[in-house]
Amino acid sequence: TKPPPPTALHTLKTLLRQVLRITTTDGRIFLGTFAGTDAPLNVVLVNAEEYRVRGGVLVSEDGRYVGQVLVPWRLVVRVE
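Numbered according to our numbering, the sequence shown spans residues 1 to 80.
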């Protein structure tokens, strides 16, 4: 028999403590360790750095350390 497909909660749990790259609608990329979400699915990253993107190109190779950040889900374009 085939195991049941993973649930959304199971998928989120497998991402805990993984490094994620989140691209937002306002031209930023956050790179940090996934710590969880809240009820409206805002994403919490720890040990995060912020990078600026303009026209699909990084403005600077050097990120700005922001520590812990909550990224509003409505701004998320892509999660990798």
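The C-beta atom is built at its ideal place from N, Cα and C for all residues, glycine as well.
Between Phe34 and Gly67, the alpha-carbon positions lie close to 12 angstroms from each other. Here Leu16 is exposed, its C-beta having fewer than 16 other C-beta atoms within 10 Å.
Closest by C-alpha distance to Gly55, out of Pro40, Thr7 and Arg28, is Arg28.
Residues of the same chain with a CB within less than 6 angstroms of the CB of Leu31, apart from the 5 flanking positions on each side, are Arg21 and Glu49 in chain order.
Within the model, the alpha-carbon separation for Ala8 versus Val44 is close to 17 angstroms.
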